[in-house]
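434 is the number of the first residue of the first sequence in our numbering; add one for each residue after it.
Every residue gets a Cβ at the ideal spot worked out from N, C-alpha and C, and that includes glycine.
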Amino acid sequence: MRRTKAFIPTTKEAPNDASLPSHIFLARAGFISQVAAGLYNYMPLAKRVIKKIENIINEEMTAVGAQEVELSFVTPADLWAESGRIEKFGKELLRFKDRKNNLFVLGPTHEEMMVDLVRNRVTSYKNLPLNLYQIKTKFRDEARPRFGLMRGREFIMKDGYSFHATTADLDREFDAMEAAYKKILARLGLDFRVVEADSGAIGGSGSKELMVLADSGEDTIAVCSKCEYGANIEAAKRSKRKVIPEAPEAEFNKFLTPDTKTIEALATSFNVDPYYTVKCIAKRVVYEDESEIVLFFVRGCDNLQEVKALNATEALDIVDVTEEELAEIGLIPGFIGPLDQDKAKHVIDVDLKDAANMICGANEQDYHFIGVDLGILSDVAYFADIAEVNEGDICPHCDGELSFTKGIEVGHIFKLGTTYSEALKAEFLDENGKAQPFIMGTYGMGVSRLVAAVVEQHHDENGCKWTKATAPYMVNIMISNIKDEAQVELGEKLYGQLQESGVEVMLDDRKERFGFKMKDAELIGFPYTVIIGKELVNGSVQVYDRMTTEKLLVPADDIYTKIMELL
RNA sequence: CGGGGUGUAGCUCAGUAUGGUUAGAGUACCUGGUUUGGGACCAGGGGGCCGAAGGUUCGAGUCCUUUCACCCCGACCA
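If you want it as structure tokens, here you go:
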């Protein structure tokens, strides 16, 4: 492609609404343009990157036996009613009616559609397993789209669905998909981590997220310093502490503790480690038809992890409660303790089971209990893992320490089980001629988000640094002075040679100055830029490596060979 | 969905407190010339329903009302 003919509108300044590097550079370098909140046009460069990612996904999916399909983007609302997700998704579903007044939904994900496609067509265990996928635009009317391609309302996703006769077979496929996804991300040149995730409201028995490591990631993940363990903080587990602070010695007693409403104040006034205090977080948990106040207890040194809390209560939502609401049931914030089980529902963190020498609220204004042995609750109370892991906590699988890092969720694989096949009555006949719901898995990968993730992980202050697998063009030939015939001649020759060799090459033949074209090359982020300029009089050209930002001096006669080597 | 902010040229923004010739700059774009190793310079030029609708006024980018859009923080997010 000749730069003079290419539609690549680069700009010196970023749109004022962009904050993330990927957003700024993709906009400035002429990859994307915003249409409305969370809606973007892909210009030629972006389209090329997307195709490359899609090709790699297609190759790896084919390699593991998945088959590509393409389902209608417009989906009948009836299907969403059948699965019950028309309520669950709520306003995220963009709904509209056709001329016959039928209600439709723009597909945000396609479990229902895929199950509908397969049910009554695959009816025997002999035809299982089956793995179907598509790469397609999705639409979710998100409350707050942001960060450019990272969280758009319209986005491109690879979504795959597998159908099995047994859970063992699902487990096998799940592992195969994890391996395939890892291969895809490795081929794209990304530094990533597979982490355990919350399987949450969707249900199912397991889920993993593929996280591209980048400071700007929206997710916090806990990773082990020694082993492969990694988990989204929403699902991260830990071992019992190995180093335990010295326990305070005290008989069970009630103590006057005026104005001691925080863990910090409590720990200070008794001179104990917060480890020996009990923190109460009162929340209102919301169910489908009702809601109630639930008291969550964790150690003073821990915090409540709301997603875990949600799972422990099997609630739809958790919201804050006011002091007035607590007062109505006789609870005083700052002095709430777990010993009265009758005032409200309790959920106590597993780390508090059998905890001794504890200090906790006495459920009485200005009083705390000391020397509490929570062992007395071990048979009557409800314990669950509800605490958020802290940096420095012990890995659940080895003796390494957990540390936090930020990740961009680019893939999510799920063992769905029979949630959708039961809801949509999608069944097959097993060996005994008995009808069974399909056991399903679902595997998503955010293609447009990957475009952003590559830039988030690979950029500098001057622009994008595409990996070899994702670059829109591998080589940019920059003719420094278009009026210099020797430079033009060599540029044209190399351009022709590379094109013949099938290299994706851009020829910057614009009548611009060196600095302008160089800045542009860095902004767009071609892996290699051949600079044909002032060194040519000495018989040399330079190769600028975008990833390392080093310039390599190469004899002009060897440049074609050198480039072919580098690729 | 709560809280905050911003809408003026393709882009980045002045101008709005205190209404008053023909609405500005930089950049980008077009023409000509000079320049040619890090987003050059000179000269000329095209480009605006000042987000939209209503109102106040002799007069509105500026004041009032309504509304729409976009951004940020939070809640939410297979």
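- Minimum Cα-Cα distance from Tyr993 among the listed residues Val936, Lys615, Phe959 corresponds to Val936.
- Cβ-Cβ separation between Tyr977 and Lys984: approximately 5 Å, consistent with a contact (criterion under 8 Å).
- Inclusion of Leu643 and Lys848 in the CB contact set at 8 Å is not warranted, their separation being larger than that value.
- Taking C-beta separations shorter than 8 Å and ignoring five residues to either side along the sequence, the partners of Ser505 in its chain run Gly540, Met546, following chain order.
- Here Ile819 has Phe729, Val731, Leu737, Gln738, Lys741, Ala742, Ala745, Val780, Asp782 as same chain residues with Cβ atoms under 7 Å from its own Cβ, once five neighbours each way along the sequence are excluded.
- Minimum Cα-Cα distance from Arg674 among the listed residues Asn564, Arg579, Val538, Ile827 corresponds to Ile827.
- In this structure, the alpha-carbon of Leu512 lies about 23 Å from that of Pro562.
- Around the beta-carbon of Tyr720, fewer than 16 other beta-carbon atoms lie within 10 Å, marking it exposed.
- Taking a 10 Å sphere around the C-beta of Cys657, we find 16 or more other C-beta atoms and assign the residue as buried.
- For Arg461, the secondary structure class from DSSP, reduced to helix, strand or coil, is helix.
- Ranking Asp917, Ala954, Thr875 by CA distance to the CA of Pro905 puts Ala954 first.
- Rounded to whole angstroms, Lys569 and Gly844 show a C-alpha spacing of 15 Å.
- One thing to note: Pro960 has its Cβ within 8 Å of the Cβ of Lys901.
- Look at Ser516 here: in three-state DSSP terms it is helix.
- With fewer than three CB-CB distances shorter than 8 Å, the stretch 526-535 does not count as touching the stretch 550-566.
- Judged by their CB atoms, Arg979 and Gly948 are not nearer to each other than the 8 Å cut-off.
- As the crow flies, the alpha-carbon of Glu520 is around 24 Å from that of Leu472.
- For Val938, the enclosing beta strand (DSSP E) has its first and last residue at 938-941.
- As the crow flies, the alpha-carbon of Phe596 is around 6 Å from that of Ile872.
- Residues Ala655, Val822 of the same chain have their beta carbon placed closer than 6 Å to that of Ala669, with the five preceding and five following residues left out of the count.
- In the structure shown, Met791 falls within a strand segment according to DSSP collapsed to helix, strand and coil.
- For Tyr614, the enclosing alpha helix (DSSP H) has its first and last residue at 600-621.
- Cβ atoms of Asp624 and Gln890 come within 8 Å of each other, at about 6 Å.
- Only buried fits Leu835, as 16 or more other CB atoms lie within 10 angstroms of its CB.
- A distance of 8 Å or more separates the beta carbons of Pro829 and Arg626.
- Counting the other Cβ atoms within 10 Å of the Cβ of Pro442 gives fewer than 16, which makes it exposed.
- Residues of the same chain with a CB within less than 6 Å of the CB of Pro448, apart from the 5 flanking positions on each side, are Ala460 in chain order.
- Contact annotation: Gly804 and Glu679 have beta-carbon atoms that are not nearer than 8 Å.
- The count of Cβ pairs closer than 8 Å, one atom from the stretch 603-618 and one from the stretch 781-799, stays below three, leaving the stretches out of contact.
- If you look at Glu889, you'll find it in the alpha helix (DSSP H) that goes 880-890.
- DSSP places Asn865 in the coil class of the three-state scheme, outside both helix and strand.
- In the three-state reduction of the DSSP assignment, Met583 falls in the helix class, which pools H, G and I.
- The three-state reading of DSSP puts Tyr853 in helix, counting H, G and I together.
- Counted as a single uninterrupted DSSP element, the alpha helix (DSSP H) harbouring Leu699 occupies residues 696-703.
- If you ignore the 5 residues before and after Ala715, its C-beta comes within less than 8 Å of the C-beta of Ile726, Val727, Leu728, Phe729, Val754, Leu759, Leu764, Pro766, Ile769, Ala777, all in its own chain and listed in chain order.
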